[in-house]
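Asker: In case it helps, this note's numbering puts the sequence shown at residues 23 to 369. C-beta: ideal position from N, C-alpha, C; glycine also.
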Amino acid sequence: MSKVVMTNIEKSFGRTHALRDLSLTIPEGSLISLLGPSGCGKTTALRILAGLISADSGQTFFDSIDITNTPAASRDIGMVFQAYSLFPNMSARQNVEFGLKVRKVAPNEIKRKVDDILEITGLAIHQEKYPHQLSGGQQQRTALARAIVIRPRILLLDEPLSALDAQVRDQLRDEIRRVQLEFGITTLFVTHDQEEAMTISDQVGVMHQGSLMQLDLPQRVYDNPENPTVARFIGAMNEIPAVVAGSSAIVLGQRLEISQKSEYSRAVGQHFALVRPEFLLLDAENGEGEEGTISQVAFLGPTSRIHVALHSGTKVIAVLPSAQALQFSPQQRVRVSIGLSSVLVSD
Ligand code: ATP
Numbered sequence: 023m024s025k026v027v028m029t030n031i032e033k034s035f036g037r038t039h040a041l042r043d044l045s046l047t048i049p050e051g052s053l054i055s056l057l058g059p060s061g062c063g064k065t066t067a068l069r070i071l072a073g074l075i076s077a078d079s080g081q082t083f084f085d086s087i088d089i090t091n092t093p094a095a096s097r098d099i100g101m102v103f104q105a106y107s108l109f110p111n112m113s114a115r116q117n118v119e120f121g122l123k124v125r126k127v128a129p130n131e132i133k134r135k136v137d138d139i140l141e142i143t144g145l146a147i148h149q150e151k152y153p154h155q156l157s158g159g160q161q162q163r164t165a166l167a168r169a170i171v172i173r174p175r176i177l178l179l180d181e182p183l184s185a186l187d188a189q190v191r192d193q194l195r196d197e198i199r200r201v202q203l204e205f206g207i208t209t210l211f212v213t214h215d216q217e218e219a220m221t222i223s224d225q226v227g228v229m230h231q232g233s234l235m236q237l238d239l240p241q242r243v244y245d246n247p248e249n250p251t252v253a254r255f256i257g258a259m260n261e262i263p264a265v266v267a268g269s270s271a272i273v274l275g276q277r278l279e280i281s282q283k284s285e286y287s288r289a290v291g292q293h294f295a296l297v298r299p300e301f302l303l304l305d306a307e308n309g310e311g312e313e314g315t316i317s318q319v320a321f322l323g324p325t326s327r328i329h330v331a332l333h334s335g336t337k338v339i340a341v342l343p344s345a346q347a348l349q350f351s352p353q354q355r356v357r358v359s360i361g362l363s364s365v366l367v368s369d
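(1) In chain order, what residues of the same chain have a beta carbon less than 6 Å from the beta carbon of Gly232, not counting five sequence neighbours either side?
(2) Would the beta-carbon of Lys73 be found less than 7 Å away from any heavy atom of ligand 1?
(3) Is it buried or exposed, Val124, if we count other Cβ atoms within 10 angstroms and call 16 or more buried?
(4) Need the endpoints of the alpha helix (DSSP H) that Asp196 sits in, please.
(5) Can you list every residue whose CB sits closer than 6 Å to some heavy atom of ligand 1, going in chain order?
(6) Could you check whether the region 164 to 184 touches the region 134 to 148, counting it as contact only if at least three pairs of C-beta atoms, one from each stretch, sit closer than 8 Å?
(7) Which full runs of the beta strand (DSSP E) of 3+ residues lie inside the region 82 to 147, going along the chain?
(8) Would you kindly work out how many angstroms separate the C-alpha atoms of Gln236 and Ile207, rounded to a whole number?
(9) How about Asn203 and Arg191: do their beta carbons lie closer than 8 Å?
(10) Identify whether Ala19 lies in helix, strand or coil by the three-state DSSP scheme.
(11) Just how far apart, CA to CA, sit Ala331 and Val266?
(12) Give the DSSP bridge partners of Gln225, in chain order.
(13) Who are the near neighbours of Ser334 in its chain, counting only those whose CB is closer than 7 Å to its CB and skipping five residues on each side?
(14) Cα separation between Asp196 and Thr221?
(15) In the DSSP assignment, what residue or residues form a beta bridge with Glu218?
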C-alpha cells in the first residue's frame, strides 16, 4: 500500500515516441485508470511502473523511495493481464498459493491467507479445478486472487476484463473494485473502455499520443474536459458549426460564451462548438432554435436518443428522458437549441 509517483517519464521505441513527459501520482489506496485509444502509451506506462521496461528518462517513486532502477522482482507488485496467465498444470488453489510458497511463508499462514482470498473472490468451490476447467471469468478471478494474496504494495491491471463477455465483465469489474477497496491496494488500471474506467476509478487519466491530458475525478473528466481532445474522446459529442465573434460564438443562432478550455485558431475559417447530447433542447416547430427534421428516435430505457437533421445540413443527436421523448417522432419538424451559457470551441 504505497503512494506512487511517476515524474517526467519519456519513452521511445525507435521512432515511436510512446510517452511524453508523463507525470502521474496515485494516492495511497486509490485506484486510477489510464484511458485512451490504442497506441496512446497506457501499457508502456504500466510496464515502466512494473519495472518490466525502463524509461529513457524520468523517475518512479513508491512512497518517497526512488525505485527507478529497482528490478521488477523487487518492486512488490501484483499484476493481472488481459490474457489469462495462470500456470496450466496447477489447480486454482495452487496458482494462488504459488507466490506465498516462493516467499517461503509458513504453511499454516499460506492455508489461512489462501482460504481467505478464495472465499472473498468466490473461488472456494472451484479451487481444485485446473485452468482449462475454469470459465474465463473464473480464470481472471484466480489471477486476481493470485496477485492480491501476496499483499502487494501496488496492483497493476492491464485490460483484465477485455477478453470476457459483457455480463461477466460487469460483474468482475465490480468485484475488482470491492476487493481493491477492501484491501486498500494502490492500483493502476489500464483500459480503453470508458464505462469501465468511469465506474471503477477514483480518478481517470485520459491519454493521447503519449501525453496525459487530464487526470481527474470521472465526473469532472466528463463535465469539465481539459481540452477538446478529452471532450471528444469521453462520451458522445455533437460538433456544431460555430461563428466566433470576440469572446463569444454564434451557435444555432444563439450567442454563447466561449469556454476557456477551447482550442481554436482564428486563422481557420471553420470552427465547431462541442455540445453533449443532453444539452441539446428540442422544441415544437414554432419554438426557439434552429430548424431541423427528426430522422430517428431510439429508445434506450430511461433515456431516448433523437437524431435530428438540421436544415443547415448538420446532423445532431439529442438525449432526452424517455417520458419527454414520447412527444417526438421521425419526420417531425423541430427546433433545436442549446441549454448552456458557454461552449467549448474547436477547429
Ligand atoms: P493498446 O490499448 O493497443 O494496448 P496502449 O495505449 O497500451 O495501446 P502501448 O502498448 O503503450 O499503447 O504502445 C504505445 C506505442 O508504443 C505504440 O505506438 C506501440 O506500437 C509502441 N510500442 C510499444 N511497445 C513497443 C515495443 N516493444 N517496440 C516497439 N514499439 C512499441
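Answerer: With the structure as the only source:
(1) For the purposes of this step, residue 232 is identified with residue 210 of the sequence shown, where counting begins at 1. The residues are His39, Ala40, Leu41, Arg42, Gly63.
(2) Taking the first residue of the sequence shown as position 1, residue 73 is located at position 51. Checking the sequence, you will find Gly at residue 73 rather than Lys. In this structure, ligand 1 has no non-hydrogen atom nearer than 7 Å to the beta-carbon of Gly73.
(3) Indexing the sequence shown from 1 puts residue 124 at position 102. Exposed, by the Cβ-count rule.
(4) As a working mapping, residue 196 is identified with position 174 in the sequence shown. Unbroken alpha helix (DSSP H) run through Asp196: 188 to 205.
(5) Every residue passing the under-6 Å Cβ criterion appears here: Phe35, Thr38, Ala40, Gly58, Ser60, Gly61, Cys62, Gly63, Lys64, Thr65, Thr66, His214.
(6) With the cut-off at 8 Å, the region 164 to 184 and the region 134 to 148 touch.
(7) Segments of the beta strand (DSSP E) lying fully in the region 82 to 147: 99 to 102.
(8) The residue you call residue 236 lines up with position 214 of the sequence shown. The residue you call residue 207 lines up with position 185 of the sequence shown. The alpha-carbon atoms of Gln236 and Ile207 are separated by roughly 23 Å.
(9) Taking the sequence shown and counting its residues from 1, the one referred to as residue 203 is at position 181. Taking the sequence shown and counting its residues from 1, the one referred to as residue 191 is at position 169. A quick correction: the sequence has Leu, not Asn, at residue 203. Cβ atoms of Leu203 and Arg191: not closer than 8 Å.
(10) No answer is possible for residue 19: the residues shown for the chain start at 23 and end at 369.
(11) Here residue 331 refers to the residue found at position 309 of the sequence shown. Here residue 266 refers to the residue found at position 244 of the sequence shown. Cα to Cα, Ala331 sits roughly 23 Å from Val266.
(12) The count along the sequence shown starts at 1 and reaches residue 225 at position 203. Per DSSP, Ile54.
(13) Position 312 of the sequence shown holds residue 334. Cβ neighbours of Ser334 within its own chain (closer than 7 Å, five residues either side excluded): Glu312.
(14) Counting from one through the sequence shown, the residue named residue 196 turns up at place 174. Counting from one through the sequence shown, the residue named residue 221 turns up at place 199. Computed Cα separation, rounded: 8 Å.
(15) Here residue 218 is taken as the residue at index 196 of the sequence shown, counted from 1. Looking at the DSSP output, Glu218 shares a beta bridge with no other residue.
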